[in-house]
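What follows is a set of notes on a single structure, which appears directly below.
In the working numbering, the protein residues as written are 50 to 550.
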């Protein structure tokens, strides 16, 4: 059972993703999207998880169709640099896990557990995964022959161009597009939203409304008064400065995002085909916007070059308590935001929309129960992602600024995260058993938890030689196998992108 008429308030990537998925899933539904010509979109997030690949597949859109239009590149994972000062762990790569990693990657988990128990074992994750080698060699994650399965990979893209592409696609599907500014949101006696009033005086009524109005959350929070749960006690960053730099003609496009720890936060580096997106996410309690911009410009080597503009943004980190309330669903920034360290924003948008479609179609469950189950699931996603991102901060070992000491010593950890970290740092506890126990609440799976904790060098300070009865697998054997897979099965990233044109 589909909804007769849905109005989406707000465009941007979130609004147009919602429009596409809903119109594709419910072709009989009338979908109207109203967006302002005067209110700009945030349009900074330029990376994704592999979940975005499923979005395009669901819409029947190939990489060849959308990637060139959005100056997009492939992404095999994220390199984290300078998050810890432990010798040998200044950098590590968090790859997207795939079936190719099973054979070379299996020894990593064993070695990590051995090192966790205090034995010397090569447990740095960079030698065990194929996507790590694709990034190191600037290779695209597209096999040059049939291997029986697809690799998981994400994308980098121009957020503004992606929004435009999705807008055109949605209109082709039959979505009605209206330009206008929303002045009032009217509520009926029942408590449901009845219609929107534009500044031009138009009244727009519908059966259901989707709030994509960004941080202001005009419908769900401002009109229906749904409470907001702040993550400020867990994650203190609340601002960012973004700078775009041009690529040289011979620029080697590595399929990776780089996240580098700075004095008061971290900086992203995201390569597109025509330029590189750079930015600095920081805490205004520890750093002013001018100081942040200066530090980023110095790191990029562009100084005070006035031709290269900076864009400053404020962030409100947290989520609403109810994403679906009455006849309104919040999607994107209006439902919540977790800082972009793991590029999860579009995944949350996509997952929230798809869960809504799936649950609304469940005719056996009463609507009030549908909403409750839906809100519980989306909150689980937000909280699970938050916990993983908090791990980057609370396990850092930097002592150079008060910011990093605050992150390590004063961040509030959830009970689940506390249990996970205690299990990792306790020699007598089985980490995998705790992961299995928390399976229903975790968003990130076993490989990701091992990679972040091993990659940050979260091991005993003093390690001993293992007894002769314990055999430690040779990490170099895994490395050579990953390098073999990379060189034989994958082609140059730039060349593959050129073939998509």
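Cβ coordinates follow ideal geometry from the N, Cα and C atoms, glycine included.
All of these numbers come straight from a predicted model, not from anything done at the bench.
Tell me whether the beta-carbon of residue i lies closer than 7 angstroms to the beta-carbon of residue j.
| i | j | result |
| --- | --- | --- |
| residue 392 | residue 97 | yes |
| residue 187 | residue 301 | yes |
| residue 366 | residue 284 | yes |
| residue 280 | residue 369 | no |
| residue 361 | residue 290 | yes |
| residue 167 | residue 422 | no |
| residue 542 | residue 63 | no |
| residue 181 | residue 146 | no |
| residue 395 | residue 101 | yes |
| residue 153 | residue 504 | no |
| residue 387 | residue 461 | no |
| residue 352 | residue 330 | no |
| residue 65 | residue 212 | yes |
| residue 332 | residue 286 | yes |
| residue 468 | residue 169 | no |
| residue 95 | residue 326 | yes |
| residue 316 | residue 309 | yes |
| residue 436 | residue 463 | yes |
Could you spell out the range, first to last residue, of the beta strand (DSSP E) harbouring residue i?
| i | result |
| --- | --- |
| residue 209 | No beta strand (DSSP E) holds residue 209; the alpha helix (DSSP H) holding it covers 208-222. |
| residue 377 | 377-379 |
| residue 293 | 288-295 |
| residue 197 | Run containing residue 197: none; DSSP gives neither H nor E here. |
| residue 252 | 252-254 |
| residue 482 | No beta strand (DSSP E) holds residue 482; the alpha helix (DSSP H) holding it covers 480-486. |
By how many angstroms is the C-alpha of residue j removed from the C-alpha of residue i?
| i | j | result |
| --- | --- | --- |
| residue 477 | residue 240 | 55 angstroms |
| residue 491 | residue 164 | 24 angstroms |
| residue 381 | residue 209 | 15 angstroms |
| residue 403 | residue 68 | 12 angstroms |
| residue 455 | residue 328 | 22 angstroms |
| residue 79 | residue 55 | 6 angstroms |
| residue 227 | residue 57 | 10 angstroms |
| residue 485 | residue 523 | 27 angstroms |
| residue 264 | residue 320 | 27 angstroms |
| residue 196 | residue 535 | 13 angstroms |
| residue 270 | residue 118 | 35 angstroms |
| residue 532 | residue 148 | 15 angstroms |
| residue 261 | residue 538 | 42 angstroms |
| residue 191 | residue 113 | 13 angstroms |
| residue 246 | residue 179 | 53 angstroms |
| residue 311 | residue 128 | 14 angstroms |
| residue 198 | residue 99 | 14 angstroms |
| residue 223 | residue 305 | 36 angstroms |
| residue 157 | residue 177 | 6 angstroms |
| residue 318 | residue 415 | 46 angstroms |
| residue 384 | residue 372 | 6 angstroms |
| residue 255 | residue 458 | 49 angstroms |
| residue 483 | residue 465 | 9 angstroms |
| residue 509 | residue 162 | 11 angstroms |
| residue 267 | residue 295 | 36 angstroms |
| residue 569 | residue 88 | Outside the displayed range of the chain (50 to 550) lies residue 569, so it cannot be described from this structure. |
| residue 442 | residue 453 | 8 angstroms |
| residue 51 | residue 364 | 35 angstroms |
| residue 529 | residue 520 | 19 angstroms |
| residue 540 | residue 193 | 7 angstroms |
| residue 499 | residue 293 | 33 angstroms |
| residue 438 | residue 390 | 7 angstroms |
| residue 506 | residue 144 | 17 angstroms |
So is residue i buried or exposed if we call it buried at 16+ other beta carbons inside 10 Å?
| i | result |
| --- | --- |
| residue 53 | exposed |
| residue 103 | exposed |
| residue 111 | exposed |
| residue 420 | buried |
| residue 108 | buried |
| residue 547 | exposed |
| residue 354 | exposed |
| residue 489 | exposed |
| residue 71 | buried |
| residue 496 | buried |
| residue 82 | buried |
| residue 151 | exposed |
| residue 451 | exposed |
| residue 61 | buried |
Between which two residues does the alpha helix (DSSP H) containing residue i stretch?
| i | result |
| --- | --- |
| residue 499 | 495-504 |
| residue 540 | Segment 539-541 is the beta strand (DSSP E) holding residue 540; no alpha helix (DSSP H) there. |
| residue 128 | First-last for residue 128: 126-130, but that is the beta strand (DSSP E), not the alpha helix (DSSP H). |
| residue 427 | 416-443 |
Counting Cβ pairs closer than 8 angstroms, one from the region 373-388 and one from the region 334-345, do we hit at least three? no
Counting pairs of beta carbons, one from the region 201-221 and one from the region 120-128, are three or more of them closer than 8 angstroms? yes
Counting pairs of Cβ atoms below 8 angstroms between the region 176-192 and the region 212-222, do you hit three or more? no
Should the region 404-412 be called in touch with the region 467-477, which here means at least 3 C-beta pairs below 8 angstroms? no
Would you check if there are 3 or more beta carbon pairs closer than 8 angstroms linking the region 128-144 to the region 427-436? no
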